[in-house]
Each structure stands twice: as C-alpha cells, then as structure tokens.
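Asker:
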Amino acid sequence: MYIPIQYPFSIFPLLAHLQTFCRIVARDGSSSICDDLHKDPDYAEAVDIIGLHYPSDFDATNYSSCHSLKKPVWASEESSSYDDMNGAACWVHKQITKATSPHNLIFIVFWFLRQARVVNSHFVLSGITASIMWNLVGSYYHGTNWYASSMLTAVQPWSGSYTINPVVWATAHYTQFTQVGWNILSNGFGSGGLPEGGFYNTYVNPGSTLAHLSNNILFSYFPIFECV
C-alpha cells in the first residue's frame, strides 16, 4: 500500500513558492516515481519534470505511466563512461552525418555505431527529451574511481589546467547547430530508427515557418539525405 511521505510541516507550499523562479526535476531514480506521482496529487503538482536515473539501463517500454502525467521526461543522470572516443560514441557517437537546411531551421543527427546511442535513442525509444551528463567536469585523481569519466577533465582545477575530451566535440554536434527550446519531430516524421541499426532525430526551430507545417507536409518536401 502506498503511504505518502510524512513531513513535520507541509513541504509543498515551499515547493510551489520555489516554482516561481525555478523548476523541480524529481527524483533521479527509477520510473517508480511516476506511480508515486499518480497516487499523490500534491507531489505531482510540485514536480515539473520527471528525472530518471540512467533510463537506458531499464526497459525502454516501461514509461507509459510517466508520459501519462503530461510532464517532460528527462534522463537526469547519464553517461558515466570513459572520456575517450569510446565514451563519446556512447554519449552521442563519433560518426555523425549532419544535414542542415538554410538558416539552420532544421538539424538532423544520424547515428550509425552500435554502442549505447544515448541521446538519440532516448527520444526514439522512450520519449525522453533531455539527457544530463555526469560528470560535466571531473577532478578525480589518477587511480581513483571515475577518473577520466567526464566531459571535461581538470585534475587540478586550481591550476587552470584542463583537458578537452572527445565527448565535448561529440556534444558540439548538437549544441552548435540547435538551441534550447527547439522541437524534436516525432517518430516516423523526422525521428526514428535506421534499418541497419542506430537512430536519428530532427530538431526544428519553433519560430520558423517550417515549424508551423504538419510533419507530413514538411517531410513531403524535405530532401532525402544519404547516410554514409
């Protein structure tokens, strides 16, 4: 039987106040939080975004309860991989073909490698629209756990020395061609799986003329790109 968490005072008015200038992502755990939110309306009202901990490690078809809440679903922690080319491949892959329309209105990313394909596969398989990498900056010493597992490595950050890893360049294939707030086109109409494996996403500027067209109209006129 579900029993709501008991606090010495109601935490939800405080959370509602915080929502005036920030948004709450909860709770960086399994999808069981979605069942809890369904059972506790105050809890659900206080949470803006559902955060799942390494959702690629779980059954990708098990998020219907989360999506029925009509809230964004994020991977609130992902990666934990090496910062070399293999780690970059697990994050956004090292072999990417880009196709951009004039004025950067549309950006398509194709994945071909067989590794985790986290960023693209999350949306295609699970409807997850953001992936937060852990760690962004790693300052672990050599020989310790999680050394060389970050986007940026700064073993002695006070010295000003840091190392830019392949994961940074792989991430740049997204961040240099899209903006926060762009839309991802739905599966079958701009995003989906490739016949021989891998996934692709299409990002559209919501302020563009193309964004006001239906997916069917948009892709009936959009050119075909050969993936090589």
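Heads up: the sequence shown is residues 1327 to 1554, going by my numbering.
Ideal Cβ placement from N, Cα and C applies to all residues, glycine included.
This structure is a prediction, so every number in the text was calculated from the model and none was measured.
(1) Does serine 1405 pass the burial test, meaning 16 or more other C-beta atoms within 10 Å, or should it be called exposed?
(2) What is the DSSP secondary structure of valine 1494, counted as helix, strand or coil?
(3) Considering only C-alpha positions, which residue in the set Ser1457, Gln1502, Pro1367, Thr1479 is nearest to aspartate 1409?
(4) Report the residue from Asp1362, Trp1484, Asp1354 whose alpha carbon sits nearest the alpha carbon of proline 1381.
(5) Contact between the stretch 1446-1455 and the stretch 1520-1531 is defined here as three or more beta-carbon pairs at a separation below 8 Å; is this criterion met?
(6) Within a Cβ cutoff of 6 Å, which residues of the same chain sit near valine 1373, ignoring the five residues on either side of it in sequence?
(7) Whole angstroms is fine: what's the gap from tyrosine 1500's alpha carbon to serine 1487's?
(8) Quick one: Cα of valine 1493 to Cα of asparagine 1513, how far?
(9) Is the Cβ of lysine 1397 closer than 7 Å to any Cβ of chain D?
(10) Tell whether a beta-carbon distance below 7 Å holds between tryptophan 1484 and glutamate 1403.
(11) What's the gap between the Cα of serine 1427 and the Cα of proline 1532?
Answerer: Taking the structure as given:
(1) Numbered from 1 along the sequence shown, position 79 holds the residue referred to as residue 1405. Label assigned to serine 1405: buried.
(2) Taking the sequence shown and counting its residues from 1, the one referred to as residue 1494 is at position 168. If DSSP states are grouped into helix, strand and coil, valine 1494 belongs with the helices.
(3) By 1-based counting over the sequence shown, the position of residue 1409 is 83. If we check each option's Cα against that of aspartate 1409, Thr1479 comes out closest.
(4) Translated into positions along the sequence shown, residue 1381 becomes position 55. Residue Asp1354 is the option with its Cα nearest to proline 1381.
(5) yes
(6) For the purposes of this step, residue 1373 is taken as residue 47 along the sequence shown, with counting starting at 1. Hits under 6 Å: Ile1350, Ala1352.
(7) Here residue 1500 refers to the residue found at position 174 of the sequence shown. Here residue 1487 refers to the residue found at position 161 of the sequence shown. Cα-Cα distance, rounded: 26 Å.
(8) Position 167 of the sequence shown, counted from the first residue, corresponds to residue 1493. Position 187 of the sequence shown, counted from the first residue, corresponds to residue 1513. The alpha-carbon atoms of valine 1493 and asparagine 1513 are separated by roughly 26 Å.
(9) Looking at the structure shown, chain D is missing, and only one protein chain is on hand.
(10) Working through the sequence shown from its first residue, we reach residue 1484 at position 158. Working through the sequence shown from its first residue, we reach residue 1403 at position 77. No; because the gap between Cβ atoms is not below 7 Å, this pair is not in contact.
(11) As a first step, residue 1427 is located in the sequence shown; it is residue number 101 there, counting from the start. As a first step, residue 1532 is located in the sequence shown; it is residue number 206 there, counting from the start. Its pLDDT being 46, under 50, serine 1427 is placed unreliably by the model, and the measurement read from it follows with that caveat. Their backbone Cα atoms lie some 14 Å apart in a straight line.
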